[in-house]
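Residue numbering for the sequence shown follows my numbering, starting at 702 and increasing by one per position.
Note that the Cβ used here is the ideal one computed from N, Cα and C, for glycine as well.
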Amino acid sequence: MKFELKYKQFGDCSILVEWPQNINKTILYDILAFKAKLENSNFFTIEGLTHAYASLLITYHRRNFNFSSELKRIKAIYETLKVENLPKRHLWKIPVCYDLSFGIDLEWLSEEKKMSIDTIIETHSSAIYTVYFIGFLPGFLYLGGLHELLTTPRRATPRLKIKEGAVAIGGAQTGVYPVESPGGWHIIGNSPICFFDVLKEAPCFAKAGDAIQFYPVALNDYKEIKTLVNTNTFKIESEELDD
702 MKFELKYKQF
712 GDCSILVEWP
722 QNINKTILYD
732 ILAFKAKLEN
742 SNFFTIEGLT
752 HAYASLLITY
762 HRRNFNFSSE
772 LKRIKAIYET
782 LKVENLPKRH
792 LWKIPVCYDL
802 SFGIDLEWLS
812 EEKKMSIDTI
822 IETHSSAIYT
832 VYFIGFLPGF
842 LYLGGLHELL
852 TTPRRATPRL
862 KIKEGAVAIG
872 GAQTGVYPVE
882 SPGGWHIIGN
892 SPICFFDVLK
902 EAPCFAKAGD
912 AIQFYPVALN
922 DYKEIKTLVN
932 TNTFKIESEE
942 LDD
């Protein structure tokens with residue numbers, strides 16, 4: 702399926718490519734396939750490729766940028782695109798402790814949604830989420846696939862400090878704060894996993910197109926996993942996706 706794309710000059714030396722403004726996996730896979738094709742096209746004029754939910758920003762070396770000629774080239778590449786040629790994707794299984802000492806908004810969310818805490822946890826951990834892109838913070842995964850029953854507007858007043866590893870819900874999204882930071886999402890648990898390690902060849906284990914599934918762990922298990930993570934002896938369970 703080919704989408705009707707919009708191409709705009711963005712600043713002095715970039716082209717912004719826009720897909721229909723929807724959040725879905727068909728658009729994501731089209732973006733990722735296009736991005737991979739550009740990366741493998743030996744365009745020495747391209748300096749960087751950055752994608753979001755429904756767009757791809759192509760940044761060029763300033764001295765070599767000519768909008769008309771570059772636009773013609775990338776349009777030709779898109780016309781020959783085959784989405785089945787996607788990079789390998791993985792499902793990552795992430796432990797989460799939903800203990801109330803971590804899930805400081807669980808009781809509020811339970812009242813707000815008229816759902817028991819156990820039902821919230823089961824609903825959140827039974828879904829398989831798609832990684833759309835990484836941003837906001839290094840290692841912060843923007844995940845799609847939150848059950849509509851858990852969709853909740855962001856807090857009116859953001860907190861100044863959210864703990865590293867906090868698992869949260871904001872709007873129709875869920876995610877994990879990879880480091881301590883301010884944030885306006887509702888906190889429902891904490892993961893002991895390290896989501897960004899600058900010392901590793903791939904600082905973040907997941908990439909756009911991958912899938913995430915959370916599984917509940919008790920507080921004692923959380924502490925044991927955290928110890929293993931801190932000593933680099935914990936391996937995240939994963940499997941290759943073939944769909």
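If you measure between the beta carbons of residue i and residue j, is that distance less than 8 Å?
{"i": "L807", "j": "Y730", "result": "no"}
{"i": "F803", "j": "G890", "result": "yes"}
{"i": "P917", "j": "Y833", "result": "no"}
{"i": "L844", "j": "G876", "result": "yes"}
{"i": "I870", "j": "H848", "result": "no"}
{"i": "T831", "j": "K707", "result": "no"}
{"i": "I759", "j": "I775", "result": "yes"}
{"i": "L850", "j": "K814", "result": "yes"}
{"i": "P904", "j": "P859", "result": "no"}
{"i": "L757", "j": "K736", "result": "yes"}
Please classify residue i: is it buried, with 16 or more other beta-carbons within 10 angstroms of its beta-carbon, or exposed?
{"i": "T932", "result": "exposed"}
{"i": "G712", "result": "exposed"}
{"i": "Q722", "result": "exposed"}
{"i": "H762", "result": "exposed"}
{"i": "L810", "result": "buried"}
{"i": "D911", "result": "buried"}
{"i": "A857", "result": "exposed"}
{"i": "E941", "result": "exposed"}
{"i": "T934", "result": "exposed"}
{"i": "R790", "result": "buried"}
{"i": "A755", "result": "buried"}
{"i": "V718", "result": "buried"}
{"i": "P879", "result": "buried"}
{"i": "S892", "result": "buried"}
{"i": "E780", "result": "exposed"}
{"i": "E771", "result": "buried"}
What does DSSP give as the partner residue(s) for residue i in the beta ladder?
{"i": "Y916", "result": "P796"}
{"i": "N891", "result": "C798 and A867"}
{"i": "Y761", "result": "I747"}
{"i": "F768", "result": "Answer is none; F768 lacks a bridge partner."}
{"i": "G686", "result": "This structure does not reach residue 686, given that the chain is present from 702 up to 944, and the question cannot be answered."}
{"i": "V718", "result": "Y708 and L757"}
Hey, out of the options, whose CA is closest to residue i's CA?
{"i": "K927", "options": "V797, K773, L706 and A753", "result": "V797"}
{"i": "F896", "options": "G749, L758, W793 and D819", "result": "W793"}
{"i": "F841", "options": "N743, L942 and V868", "result": "V868"}
{"i": "G846", "options": "E865, F915 and L782", "result": "F915"}
{"i": "I747", "options": "S715, P839, K703 and N921", "result": "S715"}
{"i": "I913", "options": "T820, I894, K703 and W720", "result": "I894"}
{"i": "F768", "options": "H825, Q710 and E823", "result": "Q710"}
{"i": "I732", "options": "F744, V930 and H752", "result": "H752"}
{"i": "Y923", "options": "S826, R764, L782 and G866", "result": "G866"}
{"i": "D943", "options": "F704, K736 and E785", "result": "E785"}
{"i": "S742", "options": "L782, W720 and I728", "result": "L782"}
{"i": "V930", "options": "A919, D898 and S939", "result": "D898"}
{"i": "F837", "options": "E812, H825 and S882", "result": "S882"}
Is the CB of residue i under 8 Å away from at least one CB in chain D?
{"i": "L706", "result": "The chain inventory of the structure shown lacks chain D, comprising one protein chain alone."}
Compute the beta-carbon to beta-carbon distance between residue i and residue j, rounded to the nearest angstrom, for a pair I have assumed lies under 8 Å.
{"i": "F906", "j": "I863", "result": "Going by Cβ atoms, the distance from F906 to I863 rounds to 21 Å, so no, they are not a contact pair."}
{"i": "I835", "j": "A909", "result": "7 Å"}
{"i": "T852", "j": "A873", "result": "5 Å"}
{"i": "I778", "j": "L739", "result": "7 Å"}
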